[in-house]
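J.: Take a look at this one; I'll ask things after.
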Amino acid sequence: MEKRELKFRQDGTFKVMQLTDIHYTDDDETDHGSVRQIRKWLAAEKPDLVMVTGDAVYGTDNLKNIGKAMAPLIEAGVPWSFVFGNHDVEHHSSRKELFGILEEMPGFVGYHDPAAKDGYGNHMLPIRGREGKVRWVIAGIDSGNRNPLQAVGGYQYVSRRQIAWYENQIRDLEKESEAFSVLAFQHMAVPEIQDVWRYEKCYGVKRDGFGCPLVNSGQFLAALEDGHTKGMFFGHDHVNSFWGKLYGITLGYGRISGRGGYGAEDYPRGARLFVLKEDQLDDFETYEILDNGNYVRDPWGQEPRAIRDEG
1 MEKRELKFRQ DGTFKVMQLT DIHYTDDDET DHGSVRQIRK WLAAEKPDLV MVTGDAVYGT
61 DNLKNIGKAM APLIEAGVPW SFVFGNHDVE HHSSRKELFG ILEEMPGFVG YHDPAAKDGY
121 GNHMLPIRGR EGKVRWVIAG IDSGNRNPLQ AVGGYQYVSR RQIAWYENQI RDLEKESEAF
181 SVLAFQHMAV PEIQDVWRYE KCYGVKRDGF GCPLVNSGQF LAALEDGHTK GMFFGHDHVN
241 SFWGKLYGIT LGYGRISGRG GYGAEDYPRG ARLFVLKEDQ LDDFETYEIL DNGNYVRDPW
301 GQEPRAIRDE G
């Protein structure tokens, strides 16, 4: 299936919608309600790309239900992509098998780059400007499932081979375009998300723990060193939706999108939006649309909880 090229609008903007943790499970009214709500968000926001950051499906019928969970995106005719969460293929299926189903769906622009060596479905999506040059790039990264290091346990980390792939992709893009920025998406957060919350001013809600790896593989440092990465956004921690800046890179969470996942009943489901500008490479706008019809454009500011000891 031919992939659609991503381009900025005539006004120089490009809108990305992040959906995360839809948790389509039993094909019941809870799941149908999630799908109806996603349809409304798509109709209201008309994004240029939708990035699904994992746990779209959950349970024993994932291969059967993934098409039902993605139906609103297909119906809307919007380009969309996907990165794996820790629940998408827990029961009797593989990443390769589920990703193969996704690749046959209309509008899907993601792909699996075997050069990344580890994970499945790691990919880069360039967004081209008026002169055909790459100005922004959407990165999709497989953050894995459980830590393969039994002595450590906990959640998996993005491997050093994946990091090397990311760095190589950046170098290849530099040969084509002098100036571009990257907005990266994955399911589980980098460990530095804890530093953002502790030491930096943050905007939004934290009502969950941090389900990030117990060991640090250096992914954030690599993103910092490449000089192009401006944002990294995650899912997984259902009742977190804050963001903050660490050394110039915005780290943050999407808003849990599905009604089937755990989370406080009084916590509205929603989607996070990003507005990228062709002529603004140092930052981006982000806001949320909620299932109660409200928007979160100016979230409550949370002051740092500690002072960093710089020695």
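Residues in the sequence shown are numbered from 1 upward in steps of one, following full-length UniProt numbering. Beta carbons are placed, not taken as given, at the ideal position from N, Cα and C, and that holds for glycine. Predicted model, so just to flag it, every value in this text is computed and none were measured.
(1) Pull up the distance between the alpha-carbon of Val239 and that of Gly254, whole angstroms please.
(2) Hey, could you find the ends of the beta strand (DSSP E) Thr30 is sitting in?
(3) Is it true that the stretch 245-260 meets the stretch 151-167, where meeting means three or more beta-carbon pairs spaced less than 8 Å apart?
(4) Count Cβ pairs between the stretch 206-223 and the stretch 40-56 that sit closer than 8 Å; are there 3 or more?
(5) What residues are listed by DSSP as bridge partners for Ser181?
(6) Please give me, in chain order, every unbroken run of the alpha helix (DSSP H) with length at least 4 that falls completely inside the stretch 209-252.
(7) Can you grab the Cα-Cα spacing for the pair Ile74 / Gln169, in whole Å?
(8) Write down the C-beta distance between Asp226 and Arg161 rounded to the nearest angstrom, noting that I regard them as a contact closer than 8 Å.
(9) To the nearest angstrom, how far is the alpha carbon of Thr13 from that of Lys230?
(10) State yes or no: is the C-beta of Ile66 within less than 7 Å of the C-beta of Ile101?
(11) From the DSSP output, which residues share a beta bridge with Tyr295?
(12) Closer than 8 Å is the cut-off here; do at least three beta carbon pairs connect the stretch 48-64 with the stretch 285-297?
(13) So, under 8 Å CB-CB, Arg171 and Glu278 are touching, yes? Tell me the CB distance rounded to an integer number of Å.
(14) Count the other C-beta atoms from every protein chain shown that fall within 10 angstroms of the C-beta of Asn145, then say buried if there are 16 or more, exposed otherwise.
(15) When DSSP labels each residue in this structure, what does Arg305 get in the three-state scheme?
(16) Counting Cβ pairs, one atom from each stretch, are 3 or more of them under 8 Å apart for the stretch 257-265 and the stretch 114-129?
(17) For Arg297 and Trp197, I'd like the C-alpha separation in whole angstroms.
(18) Can you give the Cα-Cα distance for Gln37 and Asp309, rounded to whole angstroms?
(19) Who pairs with Pro126 in a beta bridge, going by DSSP?
(20) Tell me, please, which residues DSSP counts as bridged to Val275.
(21) Does any C-beta atom of chain C lie closer than 7 Å to the C-beta of Met232?
(22) Between which two residues does the beta strand (DSSP E) containing Phe82 stretch?
(23) Comparing C-alpha positions only, which one of Gly204, Ser177, Cys212 and Gly293 sits nearest to Leu281?
T.: On the basis of the coordinates in this document:
(1) Indexing the sequence shown from 1 puts residue 239 at position 239. Indexing the sequence shown from 1 puts residue 254 at position 254. So the alpha carbons of these two residues sit roughly 10 Å apart.
(2) Here residue 30 refers to the residue found at position 30 of the sequence shown. Premise fails: Thr30 lies in the alpha helix (DSSP H), Glu29 to Glu45, not in any beta strand (DSSP E).
(3) Short answer: they don't touch.
(4) By the criterion of at least three beta-carbon pairs nearer than 8 Å, the stretch 206-223 is not in contact with the stretch 40-56.
(5) As a first step, residue 181 must be located in the sequence shown, where it is residue number 181. Ser181 is bridged to Trp136.
(6) Complete alpha helix (DSSP H) runs here, min 4: 219-226.
(7) For the purposes of this step, residue 74 is identified with residue 74 of the sequence shown, where counting begins at 1. For the purposes of this step, residue 169 is identified with residue 169 of the sequence shown, where counting begins at 1. One C-alpha to the other measures close to 29 Å.
(8) Here residue 226 refers to the residue found at position 226 of the sequence shown. Here residue 161 refers to the residue found at position 161 of the sequence shown. Actually they do not touch by this definition, with Cβ atoms about 16 Å apart.
(9) What you label residue 13 is simply residue 13 of the sequence shown in a count that begins at 1. What you label residue 230 is simply residue 230 of the sequence shown in a count that begins at 1. Taking the CA atoms as reference points, Thr13 sits about 16 Å from Lys230.
(10) Along the sequence shown, read from residue 1 onward, the residue named residue 66 stands at position 66. Along the sequence shown, read from residue 1 onward, the residue named residue 101 stands at position 101. In this structure, Ile66 places its C-beta atom within 7 Å of the C-beta atom of Ile101.
(11) Against the sequence shown, residue 295 aligns to sequence position 295. Per DSSP, the beta bridge partners of Tyr295 are Ile289.
(12) Touching, no, given that fewer than three Cβ pairs across the two stretches are closer than 8 Å.
(13) Here the question's residue 171 lines up with position 171 in the sequence shown. Here the question's residue 278 lines up with position 278 in the sequence shown. Contact between Arg171 and Glu278 does not hold, since the beta-carbon distance rounds to 22 Å and is not under 8 Å.
(14) As a position in the sequence shown, residue 145 is number 145, starting the count at 1. With 16 or more Cβ atoms within 10 Å of its Cβ, Asn145 is classed as buried.
(15) Your numbering for residue 305 matches position 305 in the sequence shown. In the displayed model, Arg305 falls within coil according to three-state DSSP, outside both helix and strand.
(16) Taking a cut-off of 8 Å on C-beta distances, the stretch 257-265 does not touch the stretch 114-129, as fewer than three cross pairs fall below it.
(17) Locating residue 297 in the sequence shown gives position 297, where the first residue counts as 1. Locating residue 197 in the sequence shown gives position 197, where the first residue counts as 1. Arg297 and Trp197 have their C-alpha atoms some 19 Å from each other.
(18) Along the sequence shown, one-based indexing puts residue 37 at 37. Along the sequence shown, one-based indexing puts residue 309 at 309. The straight-line gap from Cα to Cα measures roughly 45 Å.
(19) Here the question's residue 126 lines up with position 126 in the sequence shown. Paired residues: Val137.
(20) As a working note, residue 275 is residue 275 in the sequence shown. Lys15 and Glu285, per the DSSP bridge assignment.
(21) Protein chain content of the structure displayed is limited to a single chain, and chain C is not contained in it.
(22) The residue labelled residue 82 in the question sits at position 82 within the sequence shown. Phe82 -> beta strand (DSSP E) spans Trp80 to Val83.
(23) Looking up residue 281 in the sequence shown gives position 281. If we check each option's Cα against that of Leu281, Ser177 comes out closest.
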